[in-house]
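Here is the structure we will look at.
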Ligand SMILES: NS(=O)(=O)c1ccc(C(=O)NCc2cccc(F)c2F)cc1
Ligand SMILES: [Zn+2]
């Protein structure tokens with residue numbers, strides 16, 4: 001099979017052939033249906049401590065654009081539904097070719113124009129790859145933020161300004177060391193949905209504690225257009241790099257808000 005992608009001949013409907021877990025019972029993304037979620041008063045706010053990075057790359061890996069610091073950057077995530085400390089690994093985006101589609105998770109069937117994922121791994125493992133393979137839903141913790149079109153996002157501007165430099169698959173640039181990743185996050189990480197799920201791209205490992213924030217971040221129309229100029233491995237616009245929602249099966253979606 002051609003390497004996986006989001007086109008007719010290699011998209012989500014084909015992924016099960018190389019990754020049979022695609023039809024598993026803990027797959028992501030899902031449609032977050034407010035009438036079916038359950039408030040959990042035990043869910044505290046999350047704490048993310050992101051330290052400045054000395055040598056981080058911003059790259060086009062053929063199916064997303066991704067910010068990746070060198071290993072062992074000391075940034076960490078704790079709190080919320082997490083029992084232990086998680087190390088920051090990377091962040092990346094999923095988006096559509098117009099403002100009516102693009103996010104992976106949905107809220108009562110509504111899609112946002114894009115979704116930003118901050119990927120973290122359980123620090124009781126020696127590495128990210130070990131965490132992915134550690135079995136069970138506590139290997140990774142991914143923070144999901146919906147993006148909607150509105151005011152320019154000043155915190156994301158240093159990243160969206162780099163997009164033209166990674167237009168083609170396989171290209172990367174060094175990110176200026178004064179990039180402040182912490183500034184992307186809302187001041188308080190409250191009001192989120194959380195459930196046990198998977199990577200939303202192959203290998204689709206069911207190793208993720210998903211934490212999806214209710215409040216979208218805003219980006220300008222120009223910043224959205226920057227994403228839509230990115231090209232994939234087949235030389236086509238990368239927009240549409242989102243997996244459709246998967247069945248919930250017998251999972252519960254908990255919320256930190258009423
Ligand atoms: N969209 S998402 O947030 O669910 C997501 C996050 C990370 C990855 C990933 O790291 N893939 C490559 C990769 C690298 C090493 C080991 C792996 F298992 C692996 F999937 C895929 C999807
Ligand atoms: Zn993702």
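Residue numbers (full-length UniProt numbering): 1 to 258.
Backbone N, C-alpha and C fix where the C-beta goes; we use that ideal spot for every residue, glycine too.
Handout entry: Straight-line Cα distance separating residue 198 from residue 135
Key = Residue 135 and residue 198 have their C-alpha atoms roughly 11 Å apart.
Exercise for the section: Using beta-carbon positions only, say whether residue 214 and residue 257 come within less than 8 Å of one another. Expected result: yes
Practice task
For residue 63, name the three-state secondary structure that DSSP assigns.
Solution key: DSSP places residue 63 in coil when its eight states are reduced to three.
Exercise for the section: Assign residue 117 to one of two classes, buried (16 or more other C-beta atoms within 10 Å of its C-beta) or exposed (fewer than that). Expected result: buried
Practice task
May I ask you to report which of helix, strand or coil DSSP gives residue 1?
Solution key: Bear in mind that the predicted position of residue 1 carries a pLDDT of just 48, short of 50, making it unreliable; the figure below should be weighed with that in mind. In the structure shown, the three-state DSSP call for residue 1 is coil.
Exercise for the section: Just tell me which of 6, 209 and 59 has its CA closest to the CA of residue 102. Expected result: 6
Handout entry: Supposed contact pair residue 68 and residue 246 - C-beta distance, whole angstroms, cut 8 Å
Key = Not confirmed; about 26 Å, so no contact.
Exercise for the section: Kindly list the residues whose CB is nearer than 8 Å to the CB of residue 167, restricted to its own chain and excluding five residues on each side of it in sequence; keep chain order. Expected result: 60, 229, 230 and 231
Problem - residue 35 versus 240, 87 and 193, residue with shortest Cα-Cα distance - result: 193
Problem - Every unbroken beta strand (DSSP E) inside the segment 57-136 [3 residues or more] - result: 65-69, 76-79, 86-95 and 114-122
Exercise for the section: Please go through the same chain and pick out, in chain order, the residues whose beta-carbon is closer than 7 Å to the beta-carbon of residue 188, but skip the five residues on each side of it. Expected result: 45
Handout entry: Check your reading: residues with Cβ closer than 6 Å to ligand 2 heavy atoms
Key = 92, 94, 117 and 200
Handout entry: Pairwise C-alpha distance: residue 8 and residue 83
Key = When the Cα atoms are used, residue 83 and residue 8 turn out to be separated by approximately 40 Å.
Exercise for the section: Answer yes or no: the CB of residue 69 versus the heavy atoms of ligand 1, is any distance below 7 Å? Expected result: no
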